[in-house]
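Q: A single structure is presented below for examination.
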Amino acid sequence: MVALFSYTACTKLSLLQPHKPAQSRPHRTAQKAYVMTNPEQDSTLEKQETETIKVVSSSVARLSARCLSAVSAYDNTLENVETLDTAQAKFDDILNSSSVDAACEKIRSLAKAKELDSSLILLINSAYAAAKESQTVTNEAKDIMYHLYKATKSSLRSITPKEIKLLKYLLNITDPEERFSALATANSFLSWG
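Adding 1 to a residue's 1-based position in the sequence shown gives its number in the numbering used here.
See the structure below:
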């Protein structure tokens, strides 16, 4: 009977104590113990961490490359401001010519003197494109810009190096045997150009 009383008393005493709800801590501890004792899952976590580090580092590398490229482009732009100013002065001189023929002649003389640079060509092309698309520009101005554009284009063809002319010629040949024959005579083409 004493044993029964002590069992009943212990049970009642345990009921009188405040009941603590089950916490997730024992579950976490068990999970951590499982992770620590499971080498496959541990290596999987390490691989995931390594992959994450690789992704982050490649993202940082790409961002660094973009920043470096932007800084380089900005530096080049600052250096090219002088080139653009020179091209604008040449373009203004061409536009201030007494006639369209005189302007075209100035373009040809710039090409012969190897002063028809890419900035000037870009200015002439963009001015022609803007005039062509504009509704407010007169037809006479559009015609003038067209003549300047065509003069620039023909001047570029006249100063094209012989090697580029040869490559264009060879690339337009579709028959392989004919192309091979043309390649064989390429040296003579370059000599008489």
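Glycine is no exception: its CB is placed at the ideal position from the N, C-alpha and C atoms.
So, helix, strand or coil for Thr175, using DSSP?
A: Within the sequence shown, numbered from 1, the residue matching residue 175 stands at position 174. If DSSP states are grouped into helix, strand and coil, Thr175 belongs with coil.
Q: Is the beta carbon of Ala152 less than 8 Å from the beta carbon of Arg180?
A: Looking up residue 152 in the sequence shown gives position 151. Looking up residue 180 in the sequence shown gives position 179. Not closer than 8 Å, so no.
Q: Nearest to Glu83 by CA position, among Leu121, Ser182, Ser98, Thr137, is which residue?
A: Here residue 83 corresponds to residue number 82 of the sequence shown, with the count starting at 1. Of the candidates Leu121, Ser182, Ser98, Thr137, the one whose C-alpha sits nearest the C-alpha of Glu83 is Leu121.
Q: Count the other CB atoms within 10 Å of the CB of Lys55; is the residue buried (16 or more) or exposed (fewer)?
A: For this step, residue 55 is matched to residue 54 along the sequence shown. Under this definition Lys55 is an exposed residue.
Q: Suppose the cutoff is 8 Å on Cβ atoms and the five residues either side in sequence are ignored; what does the same chain contact list for Ala23 look like?
A: Looking up residue 23 in the sequence shown gives position 22. Residue confidence for Ala23 is low, a pLDDT of 49 falling below 50, so the modelled location carries little weight and cannot support an answer.
Q: Are the region 68-87 and the region 111-126 touching by the rule of at least three beta carbon pairs closer than 8 Å?
A: Taking one beta carbon from each stretch, the region 68-87 and the region 111-126 have 3 or more pairs nearer than 8 Å; the two touch.
Q: What is the rounded straight-line gap between the Cα of Asn126 and the Cα of Lys115?
A: Along the sequence shown, one-based indexing puts residue 126 at 125. Along the sequence shown, one-based indexing puts residue 115 at 114. Roughly 18 Å between the two C-alpha positions.
Q: Classify Tyr75: buried if its beta carbon has 16 or more other beta carbons within 10 angstroms, exposed otherwise.
A: On the sequence shown, residue 75 is found 74 positions in, with the first residue counted as 1. Exposed: under 16 other Cβ atoms inside 10 Å.
Q: Could you give the distance in angstroms between the alpha-carbon of Ser135 and the alpha-carbon of Ala142?
A: Within the sequence shown, the letter at position 134 stands for residue 135. Within the sequence shown, the letter at position 141 stands for residue 142. Cα-Cα distance, rounded: 11 Å.
Q: Within its chain, find whatever has a CB closer than 6 Å to the CB of Tyr129; leave out the 5 residues flanking it on each side and keep chain order.
A: Here residue 129 is taken as the residue at index 128 of the sequence shown, counted from 1. Cβ neighbours of Tyr129 beyond the five flanking positions: Met146, Tyr150.
Q: Tell me whether Asp118 sits in a helix, a strand or coil according to DSSP, three-state version.
A: Position 117 of the sequence shown, counted from the start, is the residue given in the question as residue 118. In this structure, Asp118 counts as coil in the three-state DSSP scheme.
Q: Have a look at Leu157 and Phe92 and give me their C-alpha separation to the nearest angstrom.
A: On the sequence shown, residue 157 is found 156 positions in, with the first residue counted as 1. On the sequence shown, residue 92 is found 91 positions in, with the first residue counted as 1. Distance between the alpha carbons of Leu157 and Phe92: 16 Å.
Q: Just how far apart, CA to CA, sit Leu172 and Lys166?
A: If you number the sequence shown from 1, residue 172 lands on position 171. If you number the sequence shown from 1, residue 166 lands on position 165. Answer to the nearest angstrom: the Cα atoms are 10 Å apart.
Q: What are the boundary residues of the alpha helix (DSSP H) that Ser156 is part of?
A: Taking the sequence shown and counting its residues from 1, one reaches residue 156 at position 155. Note, Ser156: alpha helix (DSSP H), 140-159.
Q: Would you please state the rounded distance, in angstroms, between the beta carbons of Ser100 and Lys107? I believe it to be under 8 Å.
A: Within the sequence shown, residue 100 is the residue found at index 99, counting from 1. Within the sequence shown, residue 107 is the residue found at index 106, counting from 1. Between Lys107 and Ser100 the Cβ distance is about 11 Å, and since that is not below 8 Å, they are no contact.
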